[in-house]
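Trainee: Pasting a structure here, questions to come.
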Amino acid sequence: MGGMGMSDTLIEVKHLKKYFDVPSGQLHAVDDVSFKIEKKKTMGIVGESGCGKSTLGRTLIHLLESTDGSIFFEGRDVTRLNAKELNEFRHQVSIIFQDPYSSLNPRMTAEQMIAEALKITKRCKKDQIEEETRRIFDMVGLDRRFLKSYPHELDGGRRQRVGIGRALAINPKFIVCDEPVSALDVSIQAQILNLLMDLQEQVGLTYVFITHNMSVVRHISDNICVMYLGQLIETCPTKELFTTPLHPYTKALLSAIPSTDITKQKEQVLMKGELTSPINPVPGCRFYARCDHSCEKCLEPQSLQELLPEHFVSCCRARELNQL
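Sequential numbering from 30 applies to the sequence shown in the numbering used here.
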């Protein structure tokens, strides 16, 4: 997929695969995924639970080792780095987890958790750690009176701000945001999303934002990849995905967004049939069994095709169905 120069690209993923061995074969959690992320931009990854979103995010920053494929970070393939180079790479990437309670150490204060990250990366001198920790508190909108607070003493929004501060402490260029607002009250979600966007502008961060919530990803992402059973089935600029979805699965996802418009509620696309197993999957479209438009050609291997400028879709009937 083209459209941007190498100098603008922070991450380029080529044919990435992550398989897990199970008693009955191999589970294809991420299967032949390719995309690019531009510097200081946000790539949204959306799909149902279990489609491989989180596995993809963890593989991008080498929390999980890939089965095959390449991940280029600033032009270097991180899947081929030695131990020293990999350690340097990990100081440039970070992750914000879904559940701010379980991802924080219950025996450490908010101050200690951020200070620990500063010590590990040796970003600043020992006598500067306290000052830098307080600066990070200010960046993420935490009152300094919570410096000595433990996770159980904070509400969900403040806990997630600590998690964001811990991610920022290593001064990363790239952050995987793995469902960072799904465990929060709706009233707090917008605050955290706005914080992430403000930090991106201030620090120049690049995000992968993983979620199953289409409304959330619309708010924060520049581009979106739609994922289904380990594969990308559609990717394009955010605005275009919501105005001109091309894949039947994407249309079904968008139709499920709650609306007060009665006519839109009647137009909801209901997916029938059973999920294709991600274990030892057969070639062909994995949405085949649930798609109202499936045909014999869908059983052949599919790949992303550019049907509109910067709009790629993996569906052999997309051009016909959308009258392109």
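Note that the Cβ used here is the ideal one computed from N, Cα and C, for glycine as well.
On the DSSP bridge list, what partners appear for Cys206?
Mentor: Answer is Ile125, Phe238, bridged to Cys206.
Trainee: Between Gly32 and the rest of its own chain, which residues show a CB-CB distance below 7 Å, the 5 nearest in sequence each way excluded?
Mentor: Any reading at Gly32 must be qualified, since the residue scores a pLDDT of 49, below 50, and its modelled position is unreliable; the value itself is stated next. Only Glu339 meet the Cβ criterion.
Trainee: How would you label Arg173, buried or exposed, when you count the other beta carbons within 10 angstroms and need 16 or more for buried?
Mentor: When all chains shown are included, Arg173 counts as exposed.
Trainee: Grouping DSSP H, G and I as helix and E and B as strand, with all else coil, what is Arg105?
Mentor: If DSSP states are grouped into helix, strand and coil, Arg105 belongs with the strands.
Trainee: Are the beta-carbon atoms belonging to Met243 and Ala212 less than 9 Å from one another?
Mentor: The answer is no: Cβ separation not under 9 Å.
Trainee: Buried or exposed: where does Leu56 fall if 16 or more other Cβ atoms within 10 Å of its Cβ makes it buried?
Mentor: Per the 10 Å Cβ criterion, buried.
Trainee: Pick out whichever of Val232, Ile143, Gly170 has its Cα sitting closest to the Cα of Gln157.
Mentor: The residue with the shortest Cα to Cα distance from Gln157 is Ile143.
Trainee: Have a look at the DSSP bridge pairing and note the partners of Leu337.
Mentor: His340.
Trainee: Specify the secondary structure class of Phe166 as computed by DSSP and reduced to three states.
Mentor: DSSP places Phe166 in helix when its eight states are reduced to three.
Trainee: Closest by CA to Gly81, which one among Glu269, Asn309, Tyr257, Ala281?
Mentor: For the residues Glu269, Asn309, Tyr257, Ala281, the minimum Cα distance to Gly81 belongs to Tyr257.
Trainee: Quick check on Tyr179: does DSSP put it in helix, strand or coil?
Mentor: Tyr179 falls in the coil class under three-state DSSP.
Trainee: Is it right to say Leu115 is buried, meaning 16 or more other beta carbons lie within 10 angstroms of its own, or is it exposed?
Mentor: Exposed is the call here.
Trainee: Rounding to the nearest angstrom, what Cα-Cα distance links Ser53 and Met137 in this structure?
Mentor: Their Cα atoms are separated by approximately 42 Å.
Trainee: For Asp60, name the three-state secondary structure that DSSP assigns.
Mentor: Strand, per DSSP.
Trainee: Based on DSSP bridge pairs, tell me the residues matched to Thr71.
Mentor: Beta-bridge pairing links Thr71 to Tyr236.
Trainee: Considering only their Cβ atoms, is the gap separating Thr71 from Asp47 smaller than 9 Å?
Mentor: In the sequence on display, residue 47 carries Lys and not Asp. No, Cβ-Cβ distance for Lys47 and Thr71 is not below 9 Å.
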